[in-house]
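Visitor: Can you read through this structure? Questions will come right after.
Number of protein chains: 2
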Amino acid sequence: MDQVYIRDVAKYIGQQITIKGWLYNKTDKGRLQFLMIRDGTGMIQVVAFKKEMTAEAFEAALAVTQESSLIVSGIVRQDERAAGGFELSLSDIQIVQLTQDYPITPKEHGIDFLMDNRHLWLRSRNQWAILRVRSAVIRAIRDYLDNNGFILMDTPILTPAACEGTTTLFETEYFGEKAYLTQSGQLYNEATIMAFGRTYCFGPAFRAEKSKTRRHLIEFWMVEPEMAYADLEECLRVEENLVSYIIQRTLEECAEELKILERDTSRLEGIVPPFPRISYTDAIAVLKEMGEELPWGEDFGAPHEVAIASRYDKPVFVHRYPAQCKAFYMETDPLDPQLSLSADLLAPEGYGEIIGGGQRTASLELLERRIAEQNLPREAFEWYLDLRRYGTVPHSGFGLGVERTVTFICGIHHIRETIPFPRTLGRIYP
Amino acid sequence: MDQVYIRDVAKYIGQQITIKGWLYNKTDKGRLQFLMIRDGTGMIQVVAFKKEMTAEAFEAALAVTQESSLIVSGIVRQDERAAGGFELSLSDIQIVQLTQDYPITPKEHGIDFLMDNRHLWLRSRNQWAILRVRSAVIRAIRDYLDNNGFILMDTPILTPAACEGTTTLFETEYFGEKAYLTQSGQLYNEATIMAFGRTYCFGPAFRAEKSKTRRHLIEFWMVEPEMAYADLEECLRVEENLVSYIIQRTLEECAEELKILERDTSRLEGIVPPFPRISYTDAIAVLKEMGEELPWGEDFGAPHEVAIASRYDKPVFVHRYPAQCKAFYMETDPLDPQLSLSADLLAPEGYGEIIGGGQRTASLELLERRIAEQNLPREAFEWYLDLRRYGTVPHSGFGLGVERTVTFICGIHHIRETIPFPRTLGRIYP
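Same order as they appear, the protein sequences are chains V and P. Quick note on our numbering: the first sequence kicks off at 1 and runs consecutively. Quick note on our numbering: the second sequence kicks off at 431 and runs consecutively.
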């Protein structure tokens with residue numbers, strides 16, 4: 001009989017079906033055995049009643065252990081008491097593999113043990129829910145961009161030069177030359193927008209940073225939209241539309257997953273445009289009032305971000321940072337040359353920065369001066385300078401960190417659970 | 431006035447609009463200047479007629495050079511003689527930057543020069559068309575998988591061990607340990623399918639191969655679907671459905687692009703399931719008939735693939751390769767232990783392999799034996815062996831190379847034009 005997926009059982013009420021999956025857990029009531037079975041698309045309670053099956057099949061139901069792989073057949077019953085609203089009255093069970101001593105038991109395990117067993121931990125209900133949310137978030141991002149005139153442009157991972165200094169770069173040998181793993185595809189997409197108008201890259205990025213916080217991964221995924229003929233205002237408009245689209249669509253598509261995670265979704269429902277905006281300079285004044293004094297010109301740390309964001313129910317834009325806080329390619333504010341036309345988006349509830357971006361300079365002279373001032377290797381940037389020589393235009397873009405966004409939407413503590421196989425300081429296995 | 435994109439001009443017939451873009455080329459007819467303008471979404475002919483505009487504006491139309499950035503305003507006219515069916519009667523023009531000496535002129539340039547200027551070459555019409563096709567192909571792949579029960583699982587790029595030997599791996603230092611750039615996410619997604627049923631990864635992969643052919647890139651993108659409880663037959667069914675979906679949807683969405691590329695689309699229209707299948711052993715016999723004799727047990731080279739594929743109008747599956755030709759994780763054919771349950775998909779018209787895949791072994795014993803026989807580092811594979819210890823199931827999957835597929839669909843000669851910034855032997859700039 002063809003396999004039916006648990007997500008589809010509602011279509012088969014009263015019918016005999018076959019499910020192929022694994023035993024998640026079991027409750028023994030003597031002649032009644034309740035098997036909780038998962039198949040990747042969901043879970044269903046399977047009821048084995050001794051009187052309703054062969055002795056051999058009931059023996060198998062008694063014998064089956066946690067994480068055994070198995071194929072069950074039975075009739076779908078609607079039952080409001082059951083999780084998901086359905087259960088399966090078992091008629092036959094075939095054990096594919098009887099699992100012995102599955103390492104992750106219902107008892108508490110330490111995080112190192114769980115991370116060592118990440119390849120198995122993924123089967124646990126919360127991890128399943130988080131990574132389903134991740135997949136929905138990525139689909140929402142791509143759909144938003146594809147439907148709003150952005151063309152996907154995969155930028156290279158192996159690059160000859162650093163976007164923002166070389167200290168946090170992974171280095172490799174490229175047929176006798178040095179190459180580095182990318183930290184951003186932005187510079188490349190400043191080229192592609194001159195050909196395609198609006199583009200985005202969406203791929204892995206790498207920071208060899210020795211920071212071990214709950215907000216950092218060594219290897220993470222980032223989406224970076226870039227737009228020709230767009231100023232900072234237009235950039236912020238796209239950012240708030242994108243972020244609210246991601247959140248509203250995830251609420252729609254992942255209600256079950258967010259319930260498993262016990263996420264307070266009322267905190268997400270109101271996140272619609274416009275988002276509040278505060279200038280860096282005003283934010284410094286607000287921080288002073290809040291007892292988090294910081295000299296003008298210094299970049300925010302995590303505590304400053306959290307303090308500012310705590311004043312809003314929605315994500316907040318902090319815009320016009322001092323030029324010295326931001327990268328060499330940022331456009332100068334025409335109203336105050338000390339400032340850059342930059343903005344970060346800070347998530348509420350203490351989740352910190354999820355987007356950094358702004359307007360890139362269109363000026364060859366400014367760019368040449370900055371490259372010299374910051375001792376960047378000019379030859380490596382010749383192609384990038386060409387973009388200001390041949391048809392330069394005002395343009396803007398931003399980078400949104402996928403894992404930080406998923407951490408925030410799921411309302412979980414640590415970013416390491418938002419990617420299937422996290423790479424953190426000291427961890428590259430499995 | 432708000433910017434209108436060239437793709438949308440049909441909605442503005444008879445209306446005054448503003449387009450922001452670049453000059454692609456120009457025809458001088460004295461008091462009439464024909465400016466071909468591109469904005470990334472398309473091209474439109476802009477007609478500057480001296481009598482209909484200020485002297486200053488007409489001077490600007492005379493002065494504007496190739497790849498100058500400019501903002502033009504005028505009235506949209508329907509005109510069947512114009513490329514795209516519309517033209518713009520210019521009323522005003524503002525030059526954002528007057529470009530001097532744009533390096534890529536209408537004359538012929540050598541490939542090295544074009545690759546050195548890849549950041550500019552992208553603006554040329556054929557390159558624009560190819561990369562638009564790439565973007566459509568990727569969207570088609572994702573939509574097919576997302577709509578058929580596959581969950582995206584981003585597998586790691588930095589890995590501790592090699593999937594298939596270490597000679598073609600890029601190595602880097604990971605906080606005192608050795609790490610390698612991934613060649614495939616498959617092994618990881620053999621873990622995730624046990625949690626999610628059907629998954630796929632879609633990311634960059636790397637081969638440090640010293641081959642310089644028109645079918646190889648050092649850095650390329652690959653989609654790798656993996657399915658629990660799926661045998662080789664089911665795998666081939668998904669492959670043929672996916673490939674025909676990609677092709678049919680690209681034909682629908684990229685008619686203009688394929689026309690620019692002068693692709694004979696009649697060769698693509700008939701590519702619908704089922705695809706022909708031939709066993710490796712039968713293929714060897716066919717090759718002998720064709721005068722391309724190869725001893726049984728040897729893997730095919732490009733000429734053999736081309737010869738076999740030339741016999742079919744559709745892509746053809748070659749299945750059940752000798753186990754010795756394929757990787758250690760392949761399932762053995764129960765009918766003949768010399769054979770593996772593997773299959774490659776060969777594209778027609780000489781484009782060669784676009785998919786490799788098959789059924790992975792579910793057996794702990796076989797896997798342990800193969801790892802020992804091939805001297806693979808057993809500790810690095812302990813987590814992978816766990817997948818056969820705890821709830822093993824029959825499972826299958828495959829990898830489709832994006833750039834090879836785009837090369838084939840576009841009908842172009844060389845794979846290097848199918849990715850924005852190709853990484854080939856000796857090239858990592860720009």
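Beta carbons are placed, not taken as given, at the ideal position from N, Cα and C, and that holds for glycine. From a predicted model like this one, the values you see are computed outputs, not experimental measurements.
Between the alpha carbons of V:C410 and V:H216, how many angstroms are there, rounded?
Guide: Using only the alpha carbons, I get a separation of about 16 Å.
Visitor: Are the stretch 88-106 of chain V and the stretch 60-74 of chain V touching, with three or more C-beta to C-beta distances below 8 Å?
Guide: Segments in contact, yes.
Visitor: For V:H304, list the residues DSSP reports as bridge partners.
Guide: Answer by DSSP bridge pairing: none, since V:H304 is not bridged.
Visitor: Tell me which residue opens and which closes the alpha helix (DSSP H) that P:F543 is part of.
Guide: Note, P:F543: alpha helix (DSSP H), I541 to D546.
Visitor: Taking the DSSP output, what are the residues bridged to V:S340?
Guide: The partner list for V:S340 (beta bridge, DSSP) reads V:T332.
Visitor: Per DSSP, V:S68 forms a beta bridge with which residues?
Guide: V:S68 is not bridged to any residue.
Visitor: Who are the neighbours of P:Y659 on chain V, taking C-beta pairs under 9 Å?
Guide: Q3, K20, G21, D39, S69, I71 and V96, listed in chain order.
Visitor: Is P:I623 close to chain V? Criterion is C-beta to C-beta, closer than 8 Å.
Guide: True, the Cβ-Cβ gap to chain V drops below 8 Å.
Visitor: Which residues bound the beta strand (DSSP E) around V:T199?
Guide: Note, V:T199: beta strand (DSSP E), R198 to F206.
Visitor: What is the rounded straight-line gap between the Cα of P:F600 and the Cα of V:E177?
Guide: P:F600 and V:E177: Cα-Cα distance of roughly 12 Å.
Visitor: Are the stretch 826-833 of chain P and the stretch 651-658 of chain P touching, with three or more C-beta to C-beta distances below 8 Å?
Guide: Segments in contact, yes.
Visitor: Here's a check: name, in chain order, each residue in its chain whose Cβ is nearer than 6 Å to the Cβ of P:V736, leaving out the five neighbours to either side.
Guide: Once the five neighbours on either side are set aside, the close Cβ partners of P:V736 are G780.
Visitor: In chain order, what residues of the stretch 534-546 of chain P put their CB closer than 7 Å to some CB of chain V?
Guide: Residues passing the 7 Å Cβ filter: none.
Visitor: Under three-state DSSP, which class holds P:G615?
Guide: Looking at P:G615 - three-state DSSP - the assignment turns out to be coil, as it is neither helix nor strand.
Visitor: Hey, could you find the ends of the alpha helix (DSSP H) P:K744 is sitting in?
Guide: Here P:K744 belongs to no alpha helix (DSSP H), and DSSP marks it neither H nor E.
Visitor: Hey, quick one: how far does the alpha helix (DSSP H) through V:S266 stretch, first residue to last?
Guide: S266 to E269 is the extent of the alpha helix (DSSP H) around V:S266.
Visitor: Pull the bridge partners of V:A179 from the DSSP assignment, please.
Guide: DSSP, once it has assigned bridges, lists V:T172 as partnering V:A179.
Visitor: Could you confirm whether any beta carbon from chain P is found closer than 8 Å to the beta carbon of V:I409?
Guide: Chain P contact via Cβ: absent.
Visitor: Any idea if P:E620 is buried or exposed, counting beta-carbon neighbours within 10 angstroms, 16 or more meaning buried?
Guide: Classification of P:E620: buried, given that the 10 Å Cβ count is 16 or more.
Visitor: Would you list, in chain order, the members of the stretch 311-324 of chain V that have their beta-carbon closer than 8 Å to a beta-carbon of chain P?
Guide: The stretch 311-324 of chain V vs chain P, Cβ under 8 Å: nothing.
Visitor: Got a sec: is the Cβ-Cβ distance from V:H119 to anything in chain P below 8 Å?
Guide: Yes, V:H119 counts as interfacial toward chain P.
Visitor: Would the stretch 266-274 of chain V and the stretch 231-251 of chain V be scored as touching if the rule is three or more Cβ pairs under 8 Å?
Guide: The answer is yes - the stretch 231-251 of chain V touches the stretch 266-274 of chain V, with three or more Cβ pairs under 8 Å.
Visitor: Can we say the stretch 627-637 of chain P touches the stretch 785-804 of chain P, given the rule of at least three CB pairs closer than 8 Å?
Guide: No, the stretch 627-637 of chain P is not in contact with the stretch 785-804 of chain P.
Visitor: Beta-carbon separation of P:I436 and P:G472 under 8 Å?
Guide: Yes; because the gap between Cβ atoms is below 8 Å, this pair is in contact.
Visitor: Return the bridge partner residues of V:G21 from the DSSP annotation.
Guide: Partner(s): V:L70.
Visitor: DSSP three-state call for V:R134: helix, strand or coil?
Guide: In the structure shown, V:R134 sits in a helix (DSSP, three-state: H, G or I).
Visitor: Relative to chain V, which residues along the stretch 645-679 of chain P have a C-beta separation below 7 Å, given in chain order?
Guide: Listed by position, the residues of the stretch 645-679 of chain P near chain V (Cβ gap below 7 Å) are E649, W651, A658 and Y659.
Visitor: For P:D862, which option in P:Y659, P:C755, P:F516 and P:I568 has the closest C-alpha, if you only look at C-alpha atoms?
Guide: Residue 862 of chain P cannot be examined here, being either before or after the span of chain P that is shown, 431 to 860.
Visitor: Can you list, in chain order, the residues of its chain whose CB lies under 8 Å from that of V:K210, leaving out five sequence neighbours each side?
Guide: Result list for V:K210: L425, in chain order.
Visitor: Under 7 Å Cβ-Cβ, which residues of chain V neighbour P:G821?
Guide: Within 7 Å Cβ-Cβ: W22, E67, S68, S69, Q97 and T99.
Visitor: Would you say the beta carbon of V:P106 comes nearer than 7 Å to a heavy atom of the ligand GTP?
Guide: Looking at this structure, you won't find the ligand GTP or any other ligand, since it has none at all.
Visitor: Report the CB separation of P:Y574 from P:L672 in whole angstroms; it is logged as a contact under 8 Å.
Guide: Correct: roughly 5 Å between the Cβ atoms.
Visitor: Any residues in the stretch 847-860 of chain P with a beta carbon nearer than 7 Å to a beta carbon of chain V? Which ones, in chain order?
Guide: Cβ contacts with chain V: I849, P850, F851, R853, L855, G856, I858, Y859 and P860.
Visitor: Considering just the uninterrupted stretch of the beta strand (DSSP E) at V:F398, what are its terminal residues?
Guide: Its beta strand (DSSP E) spans residues H395 to G401.
Visitor: Under the three-state reduction of DSSP, which class applies to V:D143: helix, strand or coil?
Guide: Helix.
Visitor: Closest to V:H414 by C-alpha separation, out of V:I111, V:A55 and V:L335, would be which residue?
Guide: It is V:I111 whose Cα lies nearest to the Cα of V:H414.
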